[in-house]
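Undergrad: Keeping their order, the protein sequence lines are chains A and B. Mapping of the first sequence onto the working numbering: residues 192 to 469, in sequence order. Mapping of the second sequence onto the working numbering: residues 346 to 676, in sequence order. Heads up, the beta-carbon is just placed ideally off N, CA and C, and yes, glycines get one too.
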Amino acid sequence: MLLTAQIDAHHHVWRLARGDYDWLTPNLPIHRDYTLDDLRPKLGEITGTVLVQAASTEAETRYLLDIARTSDGLVRGVIGWTDFAAPDAPDRIGAMARDPLLKGLRPMLQDMEDLEWILRPEVQPALRALVRHNLRLDLLIRPRHMNHIHRLAEAHPDLPVVIDHGAKPAIRIGLFQPWGGQLRYLARTTNWCCKLSGLVTEANHLQWDLDDIRPYVDHLIACFGPERLIWGSDWPVVNLAGGYAAWRATTDTLLGGLSAAEKAAVMGGNAMRFYGLG
Amino acid sequence: MTRFAPPGPLGMGGAPLGNNLEAVSEDDARAALHAAWDAGIRYFDTAPQYGFGLSEHRFGAVLRTRPRDEFTLSTKVGRLLVPNPGKPSARGNWIDPLPFRMKYDYSEKAAWLSVEQSLHRLGLSRIDIALIHDIGEDTHGRAWEQQFEEAMAGAAKALTQMRKEGIIKAWGLGVNRVDPCLRALEAADPDLFLCAGRYTLLDHSALDPAMGGLMDACARRGARIIAGGPYNSGLLAGGTTFNYQPAAPDLLAKASRMNAICAASGVDLKSAALQFIAAHPVVAAAIPGGKNAAEVTQNAALMKAPIPGEVWATMRAEGLIPENAPTPGNM
Numbered sequence: 192m193l194l195t196a197q198i199d200a201h202h203h204v205w206r207l208a209r210g211d212y213d214w215l216t217p218n219l220p221i222h223r224d225y226t227l228d229d230l231r232p233k234l235g236e237i238t239g240t241v242l243v244q245a246a247s248t249e250a251e252t253r254y255l256l257d258i259a260r261t262s263d264g265l266v267r268g269v270i271g272w273t274d275f276a277a278p279d280a281p282d283r284i285g286a287m288a289r290d291p292l293l294k295g296l297r298p299m300l301q302d303m304e305d306l307e308w309i310l311r312p313e314v315q316p317a318l319r320a321l322v323r324h325n326l327r328l329d330l331l332i333r334p335r336h337m338n339h340i341h342r343l344a345e346a347h348p349d350l351p352v353v354i355d356h357g358a359k360p361a362i363r364i365g366l367f368q369p370w371g372g373q374l375r376y377l378a379r380t381t382n383w384c385c386k387l388s389g390l391v392t393e394a395n396h397l398q399w400d401l402d403d404i405r406p407y408v409d410h411l412i413a414c415f416g417p418e419r420l421i422w423g424s425d426w427p428v429v430n431l432a433g434g435y436a437a438w439r440a441t442t443d444t445l446l447g448g449l450s451a452a453e454k455a456a457v458m459g460g461n462a463m464r465f466y467g468l469g
Numbered sequence: 346m347t348r349f350a351p352p353g354p355l356g357m358g359g360a361p362l363g364n365n366l367e368a369v370s371e372d373d374a375r376a377a378l379h380a381a382w383d384a385g386i387r388y389f390d391t392a393p394q395y396g397f398g399l400s401e402h403r404f405g406a407v408l409r410t411r412p413r414d415e416f417t418l419s420t421k422v423g424r425l426l427v428p429n430p431g432k433p434s435a436r437g438n439w440i441d442p443l444p445f446r447m448k449y450d451y452s453e454k455a456a457w458l459s460v461e462q463s464l465h466r467l468g469l470s471r472i473d474i475a476l477i478h479d480i481g482e483d484t485h486g487r488a489w490e491q492q493f494e495e496a497m498a499g500a501a502k503a504l505t506q507m508r509k510e511g512i513i514k515a516w517g518l519g520v521n522r523v524d525p526c527l528r529a530l531e532a533a534d535p536d537l538f539l540c541a542g543r544y545t546l547l548d549h550s551a552l553d554p555a556m557g558g559l560m561d562a563c564a565r566r567g568a569r570i571i572a573g574g575p576y577n578s579g580l581l582a583g584g585t586t587f588n589y590q591p592a593a594p595d596l597l598a599k600a601s602r603m604n605a606i607c608a609a610s611g612v613d614l615k616s617a618a619l620q621f622i623a624a625h626p627v628v629a630a631a632i633p634g635g636k637n638a639a640e641v642t643q644n645a646a647l648m649k650a651p652i653p654g655e656v657w658a659t660m661r662a663e664g665l666i667p668e669n670a671p672t673p674g675n676m
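1) How far does the alpha helix (DSSP H) with L411 of chain A in it reach, from first residue to last?
2) Return the residues of the stretch 530-562 of chain B that lie within a Cβ-Cβ distance of less than 7 Å from chain A, sorted by chain order.
3) Out of A:I221, A:A208, A:P281, state which residue places its alpha-carbon closest to the alpha-carbon of Y254 of chain A.
4) In the DSSP assignment, the beta strand (DSSP E) including S419 of chain B goes from what residue to what residue?
5) Going by Cα to Cα distance, which pick from B:I666, B:G635, B:K636 is closest to A617 of chain B?
6) Using Cβ-Cβ distances below 8 Å, what residues of the stretch 497-526 of chain B are close to chain A?
7) Quick one: which chain B residues come within Cβ less than 7 Å of L366 of chain A?
8) Would you identify the three-state DSSP class for D372 of chain B, choosing helix, strand or coil?
9) For the stretch 373-393 of chain A, which residues have a beta carbon sitting closer than 8 Å to at least one beta carbon of chain B?
10) Taking 9 Å as the CB-CB cut-off, is R405 of chain A touching chain B?
11) Leaving out five residues on either side along the sequence, give the residues of the same chain with a beta carbon under 7 Å from the beta carbon of M676 of chain B.
12) When the cut-off is 9 Å and only beta carbons count, does R333 of chain A lie next to chain B?
13) So L293 of chain A and M287 of chain A are in contact, right, with Cβ under 8 Å, and what is the actual spacing, rounded?
14) Excluding the five sequence neighbours on either side, which residues of its own chain have a C-beta within less than 8 Å of the C-beta of M192 of chain A, listed in chain order?
15) Taking 9 Å as the threshold (C-beta atoms), are V641 of chain B and A384 of chain B in contact?
16) When you compare only the Cα positions, how much space is there between L596 of chain B and D199 of chain A?
17) So is T442 of chain A buried or exposed if we call it buried at 16+ other beta carbons inside 10 Å?
18) What residues in the stretch 305-337 of chain A bring their beta carbon closer than 7 Å to a beta carbon of chain B?
19) With contact counted as at least three CB pairs below 8 Å, one residue from each stretch, are the stretch 446-465 of chain B and the stretch 406-419 of chain B in contact?
20) If you run the structure through DSSP and keep just helix, strand and coil, what is G486 of chain B?
21) Quick one: which chain B residues come within Cβ less than 9 Å of A361 of chain A?
22) Between which two residues does the beta strand (DSSP E) harbouring H677 of chain B extend?
23) From V353 of chain A to A280 of chain A, what distance separates their C-alpha atoms?
24) Using a C-beta to C-beta distance shorter than 8 Å, which residues of chain B count as neighbours of W214 of chain A?
25) Looking at chain A, is there any beta carbon in it that lies within less than 9 Å of the beta carbon of Q491 of chain B?
26) Kindly say whether E494 of chain B, judged by its beta-carbon, lies nearer than 9 Å to any beta-carbon of chain A.
27) Taking only beta-carbon atoms, is P369 of chain A less than 9 Å away from chain B?
28) Kindly indicate which residue of A:L230, A:H324, A:Y212, A:T195 has the alpha-carbon position closest to the one of W426 of chain A.
29) With C-beta atoms as the reference, is I472 of chain B less than 9 Å away from T420 of chain B?
30) Using DSSP with H/G/I as helix, E/B as strand and the rest coil, what is D228 of chain A?
31) With H, G and I counted as helix, E and B as strand and the rest as coil, what does DSSP make of L420 of chain A?
32) Is H485 of chain B near the ligand PLP, going by C-beta to nearest heavy atom under 8 Å?
33) Determine the extent of the beta strand (DSSP E) in which R528 of chain B is found, giving its start and end residues.
34) Using 9 Å as the threshold, is the C-beta distance between E404 of chain A and L390 of chain A below it?
35) Which one of A:V429, A:Y212, A:A437, A:G239 has the shortest CA to CA distance from S247 of chain A?
36) In or out: H465 of chain B buried (at least 16 other Cβ within 10 Å) or exposed?
So this is what it looks like as structure tokens:
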């Protein structure tokens, strides 16, 4: 018996005709529209979600906030986007933060040429503005960012940060180290949370099985503990590698060693606390 | 993404001048390097390991006489050389090496030290490219993943910093396997891979999606390949060894058929071997070695020799080269 609401703390929706999804190319099987109506039948006991940006525009953030407002309480929070490097970023962040549904922002670091972009001087005022306005930072990083990312925590110890998708270890080619050691260091030296999501799309999309994923999930649990792990589906991206139900079942199995209370924290309680979901 | 890459299509590999498997005289070494320059080759690759410093000394002695901005030089990190009194005549593959022994060290500190020591041996004030040497299962066995981890958190960090400070222009790995390259593309921000023998007429591992698709992965990150071992240690140069081992019968048959196709058009198989590699847009340069002026001059001529389109068409039709491999004039 779970003690709190179950939350899917990481999913998307998109309407291709909006035209700002640069990464969503026609060759991808998820190159079609996805709405909350597509998601609802998959949710089961999940009663709340966090809707995450998929385009680097404020227009998409407004679109997501509209969807959240009209979702009958399903979408409890939105993670949006603004250009952190813009000179007026602090003011824009202040204005965006007036919407109580906006819980945080996410720059798309994984696709940037400069791996250390988040440490650039012109980005720092935006990060300080996040702290001032009680917003969180979703950190969309890959293992290649992990040699320097601890400097973000050193510069902004008060910034609430969640690492998306366990920092996306390349499971398909067996990349465990140095990811594993670097993640342990980050977990030990920061108070950051980490999302238990997005892992199956880093495995071989068509052939992954439980044993491919297990060492990575075990490591996330060992590093962050059940009090700093936050479950998410990464739907519809998860459709590339088996879909919502398969990932849900996989995590059910791999979290089998946790107590009911610990599991409830990962599956909802931590998201409620971290994002301040009502 | 614009990353620095060495000038191609032909460079010069430095293992032979470290007395790899056979001794090379000082005169031959010097003449080989001058011949490379005269043939227009402007990219040179060496390593501390090659003859325990001998290759670096020889490359430096000649390259020092040339304008520094006109050539590109790469060397390796990951093995520090330690003085070794009581010089043996041969150690491993190295004949008459310098009186040093190797100490593996893939740490951040060792990378800085290694680059500086290389500069002293070379007698030059800078190198252009630093490559983390031999972090693969072929060198370290099953412990390779630990070495890889140390290298990514250590040497890779140092080399990224050197690139940022302009001390080097690019960094990467120098290996014989595709796996470490694929992993390094995920774990760090390398510019290029000197990958020996994994993209040749006979070995298409770097192109194979089932082996991770290194060529495509490089293209996505803007990274480049420097193709070492273009003749697969002999089989494509009229010999019978593949990766320094006796070649399997199917490979022998394949090489023999390729040789026949080339001969029918009056083409040297070695010429096809070099030009096939250079035709891939991810490849920056092929770097055969050369232990004297004649070999080096011949490599340069082979890279330029005309090859009729029918050679490639026949190899393609017979399934000797994969569908997705570009060939000269068909890119």
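TA: According to the structure data:
1) 401-415
2) Cβ contacts with chain A come from E531, A532, A533, D534, G557.
3) A:A208
4) Per DSSP, S419 of chain B belongs to the beta strand (DSSP E) from 417-422.
5) B:I666
6) M497, A498, A501, K502, T505, D524
7) R528, E531, A532
8) helix
9) Q373
10) no
11) Note on M676 of chain B: pLDDT 45, under 50, position unreliable in the model; no value is reported.
12) yes
13) 6 Å
14) Note that M192 of chain A scores 43 on pLDDT, short of 50, meaning its location in the model is unreliable; the coordinates nonetheless yield the value given after this. Once the five neighbours on either side are set aside, the close Cβ partners of M192 of chain A are A451.
15) yes
16) 53 Å
17) buried
18) L306, R333, P334, R335
19) Segments in contact, no.
20) helix
21) Within chain B, the residues whose beta carbon sits less than 9 Å from that of A361 of chain A are L527, R528, L530, E531, A532, listed in sequence order.
22) No information on residue 677 of chain B is available, as it lies outside the stretch 346 to 676 that chain B covers here.
23) 21 Å
24) The premise fails here: W214 of chain A is roughly 12 Å from chain B at the closest Cβ pair, so nothing lies under 8 Å.
25) For Q491 of chain B, the answer is yes, since a Cβ of chain A falls inside 9 Å of its Cβ.
26) The C-beta of E494 of chain B comes closer than 9 Å to at least one C-beta of chain A.
27) yes
28) A:L230
29) yes
30) Collapsing the DSSP output to three states places D228 of chain A in a helix.
31) strand
32) With respect to the ligand PLP, the structure shown offers nothing to examine, as it has no ligands at all.
33) Taken as a continuous stretch (DSSP letters only), R528 of chain B belongs to no beta strand (DSSP E), being part of the alpha helix (DSSP H) at 524-532.
34) Correcting the residue identity first, residue 404 of chain A is Ile in this sequence and not Glu. Contact flag set, yes.
35) A:Y212
36) exposed
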